[in-house]
Amino acid sequence: MKKTFHPLLIFSLAMAILLASVFIITWLLETQQLSAPVRLALALVPVSAWTVCLVMELRFLRRLDELQRRILLETLAIAFPSLAVAILGCEYLRKAGFISSLKPDHVLIMMVVLLLVGYVIARRRYR
Amino acid sequence: MENCGHRGGMRAVMLMLSVSLLAGFTAVLSSWLLKHYQFGAPLRLAVALLPVPPFIWLFVVLIRGVRALDEMMQRITLEALAFSFVGTALVVVTYGYLQRAGFVPQENWSQVWPVMVGLYIIGYLIAWWRYK
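So the protein sequences, as listed, match chains A and B.
Residue numbers for the first sequence follow the numbering used here, beginning at 1260 and rising by one.
Residue numbers for the second sequence follow the numbering used here, beginning at 21 and rising by one.
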């Protein structure tokens, strides 16, 4: 019988590779003098790991039971519009001169934090 | 009984539309005020945050809507949200690197939410096609 890996395992592995690549590539782009093709290639490396994550995530979702699906749905239903509201709030604070413009790192941090908050709220509701 | 459920659904849609319009109106109003008037710091802060309460209200209405979905719509919405959330992160990371590598200009990341909406629509269509 052909052995298949659980999508969650592949997803976790792709996430680990992605996180490692984030630190290494950031360091390389900021500290080394590289030629344009190498810089472009490095900038696009995380796309492949991220694409694997996306595919595995969707496969993983289809394996969830009813309760897990509801928790995840509520987590995302909280995190997704919260992110839009948070970005909108930042945009207006920037227009009013209270903060400087958002950076990609800030958006990613917001996404992770809101995902965790959403998960805690959803978990409490379905406990 | 069915008529009652239909009326309840219509009421929910009307509420969502009204709150969306209110949120949009306050966003435009806030932008216009900040562009055309010079306010003191506290008033500027209040005007800047004016659109946030209607958007929070819209957010509550949306979550209630998601909780009331049937099994099939829940599956489709979950896949659409998951696709959009991870896809947005992919766009943010890739654009951030291209920015660092000097291939694209410095963008204001506040404009990321149209990407979120676009990816949600794509994710919804993929999931809908899958469960059709």
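The beta-carbon is built from N, C-alpha and C at its ideal position, and this holds for glycine as well.
Check: Neighbour flag for Met1274 (chain A) against chain B, beta carbons, 8 Å; Outcome: no
Check: Extent of the continuous alpha helix (DSSP H) to which Val72 (chain B) belongs; Outcome: 72 to 87
Check: Inter-stretch contact at 8 Å, needing at least 3 Cβ pairs: the stretch 1275 to 1290 of chain A / the stretch 116 to 123 of chain B; Outcome: yes
Check: As assigned by DSSP and simplified to three states, the class of Gln1292 (chain A); Outcome: coil
Check: Alpha-carbon spacing of Gly1348 (chain A) relative to Met34 (chain B), whole angstroms; Outcome: 25 Å
Check: Through-space distance from Gly60 (chain B) to Gly1356 (chain A), alpha-carbon basis; Outcome: 11 Å
Check: The stretch 102 to 113 of chain B: positions lying closer than 9 Å to chain A by Cβ; Outcome: Ala102, Phe103, Ser104, Phe105, Val106, Gly107, Thr108, Ala109, Leu110, Val112, Val113
Check: Expected contact under 8 Å - CB spacing of Gly158 (chain B) and Met136 (chain B) to nearest Å; Outcome: Residue 158 (chain B) is absent from the model: chain B starts at 21 and stops at 152.
Check: Chain-ordered chain A contacts of Met93 (chain B) [CB-CB under 7 Å]; Outcome: Neighbours of Met93 (chain B) on chain A: none; closest Cβ ~10 Å, over 7 Å.
Check: Whether Glu91 (chain B) touches Gly143 (chain B) by CB criterion (8 Å); Outcome: no
Check: CB-CB length for Leu101 (chain B) against Ala1336 (chain A), believed under 8 Å; Outcome: 7 Å
Check: Chain-order list of residues whose beta-carbon lies under 6 Å from that of Leu1374 (chain A) (same chain, five-residue window excluded); Outcome: Ala1338
Check: Endpoints, alpha helix (DSSP H) assigned at Phe2 (chain B); Outcome: The question about residue 2 (chain B) has no answer, for chain B in this structure spans 21 to 152.
Check: Among B:Pro134, B:Val111, B:Val124, B:Trp148, nearest to Ala1308 (chain A) - alpha-carbon criterion; Outcome: B:Val111
Check: Inter-residue CB distance, Met1369 (chain A) and Ala109 (chain B) (contact presumed, cutoff 8 Å); Outcome: Actually they are not in contact, since the Cβ atoms of Met1369 (chain A) and Ala109 (chain B) sit about 11 Å apart, beyond 8 Å.
Check: Where Tyr1378 (chain A) meets chain B, residues with beta-carbon distance less than 7 Å; Outcome: Simply none; closest approach about 12 Å.
Check: N-terminal and C-terminal residue of the alpha helix (DSSP H) that Phe1339 (chain A) is part of; Outcome: 1325 to 1354
Check: Residues from the stretch 1329 to 1340 of chain A in contact with chain B, defined by Cβ distance under 8 Å; Outcome: Arg1329, Leu1331, Leu1332, Glu1333, Leu1335, Ala1336, Ile1337, Ala1338, Phe1339, Pro1340
Check: Through-space distance from Pro1305 (chain A) to Leu1278 (chain A), alpha-carbon basis; Outcome: 9 Å
Check: Residue environment, Val48 (chain B), which counts as buried when at least 16 other CB atoms sit within 10 Å; Outcome: exposed
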